[in-house]
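The next block holds one structure in the form of structure tokens; read it before the comments.
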């Protein structure tokens, strides 16, 4: 069943090659997800531990190619939606730890899952949960602790994926997602390198336009300098790119007035 969901060859042995993604393969995957969903509806609490293990195996065994990851993330989110808030929060807590795996493909797939979750309506607060588990129900947690944190990942592949995912978040039509992202930006100004009032975010954004690139003599690389001529380090450059990306997207969505006039 796992191989069908991941669109891998079905058979004996430890190695299963990925199948060509055709309408037939996608249909089989959809049927497998629907079958598992029907089992959860029927067996309820007794199958929750098994489903949680299946979701973890999807994360660990997904093919590290964009299209396969996207389909796997969609399947995972569809099955995850069958869990009640307590079980859901437990899995998101595990996903958060998984996003800090030493393996790059694991961190990249976590971003695919987070993005798929952000496309769904935010779960309502469950007062039966502890405050520690309540946070896992919010889109803000996915954005701040998983997606935005990976924008500063040491691996360029992960940073690139995180930045594109973060940009896509701001284009989502779901109001709850946009509000969570905006709340995060407004209440966490230091992450964007802003030490003053959040309202200065866009007013000070012109400072970033002064950045320039100069060729390093005798080297094919590029030295990035700010308006004062000082070199920006690799992590500082990640901060700069992240900030510039967010500024550009916010301005393109005409959200500047909201940020400037927020309390």
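In full-length UniProt numbering, the protein residues as written are 1 to 263.
Each residue gets a CB set at the ideal place from its N, CA and C atoms; glycine is no exception.
These numbers were taken from a predicted model, which means no experiment stands behind them.
Check	Outcome
Going by C-alpha to C-alpha distance, which of 9, 115, 1 and 39 sits closest to residue 167?	115
Measure the C-alpha to C-alpha separation of residue 111 and residue 66 and round it to an integer number of angstroms.	11 angstroms
Per DSSP, what kind of secondary structure is residue 49 in: helix, strand or coil?	helix
Helix or strand or just coil, what does DSSP make of residue 84?	coil
Please report the straight-line C-alpha distance between residue 130 and residue 137, rounded to a whole angstrom.	11 angstroms
As an exercise, report each continuous beta strand (DSSP E) stretch of at least 3 residues that is fully enclosed by the segment 27-75, in chain order.	none
Where do the N-terminal and C-terminal ends of the alpha helix (DSSP H) with residue 159 fall, by residue?	156-169
List the DSSP bridge partners of residue 8.	18
Between residue 47 and residue 154, what straight-line distance do the alpha-carbon atoms span, to the nearest angstrom?	38 angstroms
Which word fits residue 139, buried or exposed, when buried means at least 16 other C-beta atoms lie within 10 angstroms of its C-beta?	buried
Measuring straight from C-alpha to C-alpha, what distance separates residue 8 and residue 17?	6 angstroms
Taking 8 angstroms as the threshold (C-beta atoms), are residue 88 and residue 80 in contact?	yes
Count the other CB atoms, across all protein chains shown, that sit within 10 Å of the CB of residue 1; report buried if there are 16 or more and exposed otherwise.	exposed
Run through DSSP, which three-state label would residue 3 get?	helix
Do residue 161 and residue 113 count as a contact pair if the criterion is CB distance below 8 angstroms?	no
Could you check whether residue 96 and residue 146 sit closer than 8 angstroms to each other, using their CB atoms as the reference points?	yes
Mapping DSSP to helix, strand and coil, what is residue 127?	coil
Less than 8 angstroms separating the beta-carbons of residue 55 and residue 39?	no
Can you tell me which of the three DSSP states residue 145 falls into?	helix
Following the continuous alpha helix (DSSP H) through residue 107, name the residue where it begins and the one where it ends.	104-118
Tell me which residues share the same chain as residue 24 and place their Cβ nearer than 6 angstroms to its Cβ, disregarding the 5 neighbours each side in the sequence.	none
How many Å lie between residue 164 and residue 171 at the Cα?	11 angstroms
Thinking C-beta only, is residue 28 closer than 8 angstroms to residue 4?	yes
I believe residue 51 touches residue 83 by the beta-carbon criterion, under 8 angstroms. Please report the beta-carbon distance rounded to the nearest angstrom.	7 angstroms
State yes or no: is the C-beta of residue 158 within less than 8 angstroms of the C-beta of residue 92?	no
Spatial neighbours of residue 86 within its chain, please: CB distance less than 8 angstroms, with the 5 preceding and 5 following residues excluded, ordered by chain position.	126, 128, 129 and 133
Do residue 169 and residue 118 have their CB atoms nearer than 8 angstroms?	yes
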